[in-house]
Each structure stands twice: as structure tokens, then as C-alpha cells.
Amino acid sequence: MSILKCGIIGLPNVGKSTLFNALTNAGAAVANYAFCTVDPNKGIVAIPDERLEQVKYCAGSPEKTEGSIEFVDIAGLVKGANQGEGLGNQFLSHIREMDALIHVLRGFEDENVGHIYGQPDIHEDLEVINLELILKDLETIDRRLEKTEKMLKTNKKIYHEEFEVLNYIKKQLEQGHNIKDLKLADKERKFIDYLNLLTQKPVLHVINVSETAFSNFEKRQALEKYQQKIEQTQGGECLAISAKLESELLELDPTEKDEFLEEFNLTDSGLNRLIKKAYQLLDLITFFTANENEARAWAIKRGTRAVKGAGQIHSDMEKGFIKAEVINWEELVNCGNFPRAKEEGKLRLEGKDYIIQEGDVITFRFNV
Ligand SMILES: Nc1ncnc2c1ncn2[C@@H]1O[C@H](COP(=O)(O)OP(=O)(O)OP(=O)(O)O)[C@@H](O)[C@H]1O
Ligand SMILES: [Mg+2]
1 MSILKCGIIG
11 LPNVGKSTLF
21 NALTNAGAAV
31 ANYAFCTVDP
41 NKGIVAIPDE
51 RLEQVKYCAG
61 SPEKTEGSIE
71 FVDIAGLVKG
81 ANQGEGLGNQ
91 FLSHIREMDA
101 LIHVLRGFED
111 ENVGHIYGQP
121 DIHEDLEVIN
131 LELILKDLET
141 IDRRLEKTEK
151 MLKTNKKIYH
161 EEFEVLNYIK
171 KQLEQGHNIK
181 DLKLADKERK
191 FIDYLNLLTQ
201 KPVLHVINVS
211 ETAFSNFEKR
221 QALEKYQQKI
231 EQTQGGECLA
241 ISAKLESELL
251 ELDPTEKDEF
261 LEEFNLTDSG
271 LNRLIKKAYQ
281 LLDLITFFTA
291 NENEARAWAI
301 KRGTRAVKGA
311 GQIHSDMEKG
321 FIKAEVINWE
331 ELVNCGNFPR
341 AKEEGKLRLE
351 GKDYIIQEGD
361 VITFRFNV
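Numbering (the UniProt record's numbering), first residue to last: 1 to 368.
This is the structure:
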């Protein structure tokens with residue numbers, strides 16, 4: 001089964017590892033399955049989903065397993081990373097493997113924690129990382145352009161089209177635009193999709209603030225201004241989270257936790273919010289399976305066909321796919337259980353090409 005990956009990026013010393021540790025530890029605390037260490041910098045985190053418990057109940061399943069996202073703590077990038085500065089090439093190649101990015105910005109002050117370029121400045125810091133990603137993409141595009149240019153001699157139309165698209169993208173990158181923000185037709189996108197470009201990946205910005213950032217009105221307002229500006233200029237969402245506060249929250253029991261949240265003027269842990277945002281960023285939907293063994297939520301890319309959804313569970317299910325028996329989770333809950341849903345004719349039979357919908361509960365029929 002393939003889990004989608006969200007890479008945590010940013011300058012050195014901005015709190016990426018602190019956030020990663022909080023995220024992965026929280027996963028372990030909230031769910032039975034949740035966190036398992038893949039290696040020290042990768043962790044699988046459960047996606048909280050209130051619907052799963054109800055599906056479990058209807059199916060009479062004894063166990064449940066949440067859907068999951070993999071988070072990867074990528075080492076800090078520095079100026080010149082695209083030229084190999086600070087092992088930059090290695091870290092940029094890690095970024096290439098990600099499906100989406102969480103860009104952490106330093107919003108906390110602490111004299112004891114050095115900032116790589118003197119004073120932290122959220123907007124400048126953001127631009128440093130953006131520039132490195134853009135420069136790396138330019139290098140990739142240039143290399144591809146060299147090859148395409150040679151192929152122009154063959155006089156095949158396709159190479160001329162590719163040449164034009166690549167040049168257009170090159171110009172946009174040179175002007176500081178990210179590829180994710182360009183309006184490209186599907187046909188144009190085909191020329192670059194396989195290149196796995198860095199600025200094509202969806203990004204969520206997170207300002208890692210000090211514990212007291214939410215405690216008074218002025219600070220909150222100042223923070224909201226930062227968030228708004230980033231959302232306007234970067235075209236994606238921007239969250240404010242204190243990685244340090246989140247990791248401290250994890251050490252507390254529930255009553256202590258509530259008191260602590262109140263003290264810092266917060267209503268809920270930021271981690272759940274972040275996990276939900278990451279889920280949206282990856283453009284995932286959830287379907288459920290439920291039987292006498294367990295009820296399970298599966299996070300898949302929106303637009304996945306039934307046969308591929310089956311493949312997420314087991315390759316045999318994909319190979320031997322016959323049919324999918326489908327019911328929306330709410331309909332199942334209304335019926336109360338599967339036999340009743342069947343009686344009422346609520347179970348639909350769908351074929352290989354059925355596009356799985358948010359909240360489907362699916363039983364795959366397959367040959368082994
Ligand atoms: N919200 C915060 N408020 C105050 N201090 C913080 C906060 N978040 C992290 N720190 C502190 O900042 C320091 C750097 O954090 P961390 O190691 O997580 O950074 P990093 O981005 O992973 O760095 P690197 O790129 O070097 O791996 C640590 O001492 C950590 O405790
Ligand atoms: Mg780190």
C-alpha cells in the first residue's frame with residue numbers, strides 16, 4: 001500500500017524537527033496504529049476521522065485502523081543549496097520524492113537559538129527557500145531543453161510543442177513564479193509532469209511561533225497580518241503553530257492539557273489542524289472497508305478508480321478485481337448494518353472504472 005508523503009522543509013533551526021516530533025508522537029498518542037518509525041526522519045501519522053467509529057459499529061468490526069499520511073523531516077536548506085551548498089543537492093532530491101510540502105518559517109524569538117542569517121524575517125526567509133527551489137527547477141528545465149533542442153531537427157511537431165512549453169515555463173521561473181501557480185493545459189502539463197519539479201508541489205506554510213504568540217490581542221493581530229500576506233503572495237494556506245508548545249502539550253494528561261490550552265488562549269491542539277490541512281493539501285479523499293476483522297479508513301488521491309483503490313489494499317485485489325460493492329457511509333449508518341442496507345437495495349455494484357467517492361464504504365469482490 002502506498003502512503004502519500006508530506007515533506008517538512010525550511011531553513012536550518014526553524015523548528016522542523018520539533019514540529020515533526022510533535023506530529024509523530026501525537027499520532028502515537030491518539031491512535032492504536034498511527035505512528036510507526038520508518039526511519040528516524042520519517043513517521044506515519046493517523047488522520048483523525050470521526051466517521052470510522054460509526055462504520056466500525058455498523059459492520060461489527062472488533063478493530064479499527066485510521067488512514068495515514070507519511071511525514072518526512074527534511075534537513076534545512078541554505079542559500080546556494082541548488083549548487084550543492086550544505087548538502088543541498090541531497091536534501092533537494094529528498095524534496096523531489098514528496099507529494100506535498102510543509103514549509104516551516106521561524107516566527108519565534110530566542111537569543112539562544114541562532115538564526116542562520118542573523119535576524120529571523122519571515123518573508124525574507126520564505127524567499128530564500130523559494131529561490132532555491134526555483135533555481136533547481138530551472139536547472140532541470142535547462143537540461144531537458146538541451147535535449148529537446150537537439151530533437152527539433154527531426155521536425156516532429158511534438159518536439160516543437162515541448163520546446164515552446166519548456167521555454168514558457170523557464171521564463172515564468174526566471175520571473176520568480178512557482179510552477180504550481182501557472183495555468184497550464186493538461187497537454188502542456190504532460191511535458192513536465194514526469195520531471196517531478198519542486199515548485200510544482202502543493203505547499204502549506206507554517207509559522208512556528210513562540211508559546212506566548214496567542215496570548216495577547218496585539219500579538220495575535222500581528223501574526224494574522226503575516227499569515228494573510230503569505231496567503232496572498234503564495235496562494236496557499238498559512239497556519240500559525242507553536243511546535244514547542246505542541247510538544248509540551250503531549251506530555252500532559254487531559255485535564256492538565258485543558259488548563260494549559262486555556263492559559264495560552266487556545267481551543268485545540270494545532271497538530272490535528274495541521275494533519276487535516278496536510279490531508280487537504282495532498283488532495284486526498286477517504287474510503288472505508290469494514291468486515292468481521294476490522295474497519296479501516298484509506299486515504300487515497302481524489303479521482304482514484306475502484307480497481308486502483310483495491311490495489312491500495314492488496315495487489316491481488318487489483319489483479320483479480322471483479323466488482324466493488326459500494327455504499328456511502330452515512331447511508332450505511334442510517335440502515336444500521338450491511339444486511340439491512342442490502343435488503344433496502346442501498347448497496348451498489350460498481351466496476352473497475354468507478355471513481356471512488358469521499359465517504360464510500362467498499363467491499364471488493366475479487367478472484368485469487
Ligand atoms: N516554537 C518555538 N519556540 C521556541 N523555540 C523553538 C520553537 N520551535 C523550536 N524551537 C527551538 O529551536 C531550536 C531548533 O529546532 P529544531 O531542531 O526543531 O530545528 P530544525 O529546523 O529541525 O533545524 P535543522 O534544520 O538544523 O534540523 C530547538 O532548540 C528548539 O527547541
Ligand atoms: Mg532538524
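C-beta atoms are modelled at their ideal positions from N, C-alpha and C, and glycine is treated no differently. Since the structure is predicted, the reported quantities are computational estimates derived from the model, not experimental observations.
With a threshold of 7 Å, the Cβ atom of Phe71 does not count as near ligand 1, since no heavy atom of the ligand is closer than that.
Three or more Cβ pairs drawn from the stretch 55-75 and the stretch 287-298 lie within less than 8 Å of each other, which places the two stretches in contact. Tyr194 is classed as exposed because its beta carbon has fewer than 16 other beta carbons within 10 Å across all chains shown. Counted as a single uninterrupted DSSP element, the alpha helix (DSSP H) harbouring Leu92 occupies residues Gly88 to Arg96.
With a minimum length of 3 residues, the unbroken runs of beta strand (DSSP E) contained wholly in the UniProt domain "TGS" (283-366) fall at 284-290, 294-301, 321-328, 348-350 and 360-366.
In the DSSP assignment, Lys42 falls within the unbroken beta strand (DSSP E) covering Lys42 to Ala46. Taken atom to atom, the span from the alpha-carbon of Leu261 to that of Ala59 is near 37 Å. Following the DSSP letters along the chain, one finds Val104 inside the beta strand (DSSP E) bounded by residues Ala100 to Gly107. The nearest non-hydrogen atom of ligand 1 is 7 Å or more from the C-beta of Asn25. At the C-beta level, His103 and Ile74 stay beyond 8 Å of one another.
Per DSSP, Thr65 lies in no alpha helix (DSSP H) segment; the continuous beta strand (DSSP E) that holds it begins and ends at Glu63 to Thr65. If you check the CB distance, Ala22 and Ser247 come in under 8 Å.
Contact annotation: Ile322 and Asn367 have beta-carbon atoms nearer than 8 Å. Annotated as proximal: Leu204 and Glu237, with beta-carbon spacing under 8 Å. In the DSSP annotation of this structure, the continuous segment of the beta strand (DSSP E) that includes Lys5 starts and ends at Lys5 to Ile9. DSSP, reduced to helix, strand and coil, places Ala185 outside both helices and strands of the structure shown, so it counts as coil. The bridge partners DSSP lists for Leu204 are Ile102. Using a Cβ distance threshold of 8 Å, Leu133 and Leu198 count as a contacting pair. Using a Cβ distance threshold of 8 Å, Phe287 and Gly309 count as a contacting pair.
Ligand 1 has no heavy atom closer than 7 Å to the beta-carbon of Asp253. CA-to-CA, the gap between Ile356 and Glu318 works out to about 14 Å. CA-CA distance, Pro12 to Thr18, rounds to 12 Å. In this structure, Asp125 keeps its C-beta atom at 8 Å or more from the C-beta atom of Lys5. Here Gln227 is buried, its C-beta having at least 16 other C-beta atoms within 10 Å. DSSP assignment within the stretch 198-253 yields the following whole alpha helix (DSSP H) runs of 4 residues or more, N-terminal first: 217-234 and 243-249. In the same chain as Thr148, and ignoring 5 residues on each side of it, the C-beta atoms closer than 7 Å to its own belong to Tyr159, Glu162, Phe163 and Leu166, in chain order.
Within the model, the alpha-carbon separation for Gln119 versus Glu50 is close to 43 Å.
Distance from the Cα of Leu282 is smallest, within the candidate group Pro202, Gln90, Thr363 and Gln83, for Pro202. Looking at the backbone, the Cα of Ala290 and that of Leu332 are separated by about 11 Å. Taking C-alpha positions only, Leu223 is separated from Gln200 by approximately 27 Å. Between Arg302 and Leu284, the gap from beta carbon to beta carbon is short of 8 Å.
Distances from the CA of Glu350 to each of Glu231, Glu325 and Glu109 were compared; the closest alpha carbon is that of Glu325. When the five nearest sequence neighbours on each side are left out, the beta carbons in the same chain lying within less than 8 Å of the beta carbon of Glu70 are those of Ile3, Leu4, Lys5, Cys6, Val38, Lys42, Gly43, Ile44 and Val45, in order along the chain. Residue pairing by DSSP puts Glu70 in a beta bridge opposite Lys5 and Ile44.
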